[in-house]
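By this note's numbering, the letter at position 64 of the sequence shown is numbered 421, and the numbering carries on one by one without gaps.
Heads up, the beta-carbon is just placed ideally off N, CA and C, and yes, glycines get one too.
The structure presented is a predicted model; accordingly, all values stated were derived computationally and were not measured.
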Amino acid sequence: MLLDESQNLTASQLKTIITRCGAGTKLICSGNLAQIDSNYLTPVTSGLTYIVERFKHFEGSATVNLNGVVRSRLASFAEENL
(Lines of atoms letter the chains of each structure in order from A; the text may use other names.)
(Lines give C-alpha, C1' and ligand atoms only; values in the text may rest on other atoms or scores of the structure.)
Protein backbone atom coordinates (compact mmCIF):
# COMPACT_ATOMS: atom_id res chain seq x y z
CA MET A 358 0.00 0.00 0.00
CA LEU A 359 1.36 3.43 -0.91
CA LEU A 360 0.37 6.22 1.43
CA ASP A 361 1.43 9.40 -0.36
CA GLU A 362 1.44 12.92 1.15
CA SER A 363 1.92 11.40 4.63
CA GLN A 364 3.31 14.68 5.92
CA ASN A 365 -0.28 15.97 6.07
CA LEU A 366 -1.47 13.22 8.42
CA THR A 367 -1.43 13.28 12.20
CA ALA A 368 0.17 10.56 14.30
CA SER A 369 -3.33 9.39 15.25
CA GLN A 370 -4.44 9.11 11.62
CA LEU A 371 -1.33 7.12 10.70
CA LYS A 372 -1.84 4.85 13.71
CA THR A 373 -5.41 4.19 12.53
CA ILE A 374 -4.15 3.17 9.08
CA ILE A 375 -1.14 1.13 10.23
CA THR A 376 -3.01 -0.82 12.93
CA ARG A 377 -5.43 -2.06 10.28
CA CYS A 378 -2.76 -3.54 8.02
CA GLY A 379 -3.04 -7.30 7.75
CA ALA A 380 -0.32 -9.94 7.70
CA GLY A 381 1.96 -9.58 4.70
CA THR A 382 1.03 -5.95 4.09
CA LYS A 383 3.82 -3.81 2.77
CA LEU A 384 3.32 -0.14 3.53
CA ILE A 385 5.21 2.77 2.01
CA CYS A 386 4.63 6.19 3.54
CA SER A 387 5.96 9.01 1.41
CA GLY A 388 5.92 12.71 1.98
CA ASN A 389 7.85 15.94 2.13
CA LEU A 390 7.95 17.79 5.44
CA ALA A 391 8.58 21.03 3.53
CA GLN A 392 5.18 20.64 1.85
CA ILE A 393 2.85 20.39 4.84
CA ASP A 394 -0.51 21.90 3.85
CA SER A 395 -2.15 21.82 7.28
CA ASN A 396 -2.17 24.84 9.59
CA TYR A 397 -2.19 22.40 12.52
CA LEU A 398 0.97 20.43 11.66
CA THR A 399 4.66 21.26 11.59
CA PRO A 400 7.64 19.13 10.57
CA VAL A 401 7.99 18.23 14.26
CA THR A 402 4.32 17.30 14.84
CA SER A 403 3.65 15.61 11.49
CA GLY A 404 2.60 11.98 11.67
CA LEU A 405 5.33 11.19 9.14
CA THR A 406 7.97 12.37 11.60
CA TYR A 407 6.25 10.38 14.35
CA ILE A 408 6.27 7.05 12.50
CA VAL A 409 9.81 7.46 11.18
CA GLU A 410 10.96 7.86 14.79
CA ARG A 411 8.76 5.07 16.19
CA PHE A 412 9.64 2.53 13.51
CA LYS A 413 13.39 3.15 13.31
CA HIS A 414 14.13 -0.01 15.33
CA PHE A 415 11.38 -2.18 13.79
CA GLU A 416 12.91 -5.03 11.78
CA GLY A 417 11.94 -4.69 8.14
CA SER A 418 11.48 -0.94 8.38
CA ALA A 419 13.65 1.51 6.45
CA THR A 420 13.81 5.24 5.85
CA VAL A 421 15.00 6.79 2.62
CA ASN A 422 15.72 10.52 2.49
CA LEU A 423 15.80 12.19 -0.90
CA ASN A 424 17.25 15.68 -1.10
CA GLY A 425 16.12 18.31 -3.55
CA VAL A 426 13.01 18.76 -5.63
CA VAL A 427 12.69 16.44 -8.61
CA ARG A 428 9.46 17.84 -10.05
CA SER A 429 10.41 21.12 -11.73
CA ARG A 430 12.08 24.49 -11.31
CA LEU A 431 8.64 25.93 -10.62
CA ALA A 432 7.96 23.44 -7.81
CA SER A 433 11.40 24.09 -6.35
CA PHE A 434 10.86 27.85 -6.42
CA ALA A 435 7.41 27.51 -4.83
CA GLU A 436 8.73 25.27 -2.07
CA GLU A 437 11.40 27.82 -1.18
CA ASN A 438 9.33 30.98 -1.54
CA LEU A 439 5.69 30.28 -0.67
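Lysine 372: member of the alpha helix (DSSP H) spanning 368-375, first to last residue. Boundaries of the alpha helix (DSSP H) around phenylalanine 434: 430-438.
Rounded to whole angstroms, the Cβ separation of glutamate 436 and glutamine 392 is 7 Å, and the two are in contact under 8 Å. In its chain, beyond the 5 residues on either side, no residue has a beta carbon closer than 7 Å to the beta carbon of glycine 425.
Look at isoleucine 408 here: in three-state DSSP terms it is helix. Burial is judged here by how many other beta carbons sit within 10 angstroms of a residue's own beta carbon; glycine 379 has fewer than 16 and is exposed.
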